[in-house]
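Let me begin by presenting the structure, written as structure tokens, before commenting on it.
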Amino acid sequence: MSESAEPEFELPRLYRHHAFACYTQRPPGHPRGSCGAAGAQPLWDRLGKAIETERLSDIGFTAAGCLGFCSAGPLMVVYPDGVWYRPTTAQDIDEIVEQHFKQGKRVDRLVMVLTR
Ligand code: FES
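Going by my numbering, the sequence shown opens with residue 3, and the numbers climb by one from there.
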């Protein structure tokens with residue numbers, strides 16, 4: 003093992019941003035709710051299509067299971083920024099694509115805010 007503080011190899015950076023979107027669907031009336039029940043599917047479809055049609059090959063998009071804050075959904079999280087978004091409309095998705103993915107600027111109005 004080297005005593006140097008330098009890493010022995012460089013980690014590959016596959017994506018500039020990587021979005022994980024919750025696809026969990028629970029039945030209507032479930033006490034935890036779900037992103038699916040809150041209308042996530044058409045939003046994520048739009049997001050995936052935008053990434054593809056705009057040829058944003060440096061943006062990763064992964065269908066995820068429950069992210070743990072179900073009643074706040076639909077939820078997605080973008081790394082490496084660690085920004086949690088709760089979009090509710092097609093326009094919200096377009097804004098995330100345009101502002102965050104293309105310009106690298108957080109869309110503050112769509113950030114999930116936890117209240118205690
Ligand atoms: S169902 Fe989406 S965060 Fe739990």
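The C-beta atom is built at its ideal place from N, Cα and C for all residues, glycine as well.
With distances taken between CB atoms, is the gap from residue i to residue j smaller than 8 Å?
| i | j | result |
| --- | --- | --- |
| G70 | C37 | no |
| F63 | A92 | no |
| M114 | Y87 | yes |
| G35 | C72 | yes |
| R18 | I95 | no |
| C24 | L58 | no |
| R108 | V85 | yes |
For the beta strand (DSSP E) containing residue i, name the first residue and the last one.
| i | result |
| --- | --- |
| A66 | I61 to A66 |
| A74 | Premise fails: A74 is in no beta strand (DSSP E) and is neither H nor E. |
| A23 | H19 to C24 |
| V85 | V85 to Y87 |
Run the CB neighbour count on residue i, radius 10 Å, all protein chains shown included, and call it buried at 16 or more, exposed below.
| i | result |
| --- | --- |
| P89 | buried |
| A40 | buried |
| F11 | exposed |
| A7 | exposed |
| A65 | exposed |
What residue range is occupied by the uninterrupted alpha helix (DSSP H) comprising residue i?
| i | result |
| --- | --- |
| K51 | A42 to T55 |
| Q93 | A92 to E97 |
State yes or no: is the beta carbon of residue i nearer than 8 Å to at least one beta carbon in chain D?
| i | result |
| --- | --- |
| F11 | As a matter of chain content, chain D is missing from the structure shown, which is built from one protein chain. |
- Give every residue whose Cβ lies closer than 6 Å to any heavy atom of the ligand FES, listed in chain order. C24, T26, S36, C37, C68, L69, G70, F71, C72, G75 and L77
- Query: Would you say the region 94-113 touches the region 38-52, given that touching needs at least three Cβ pairs under 8 Å?
  - Reply: yes
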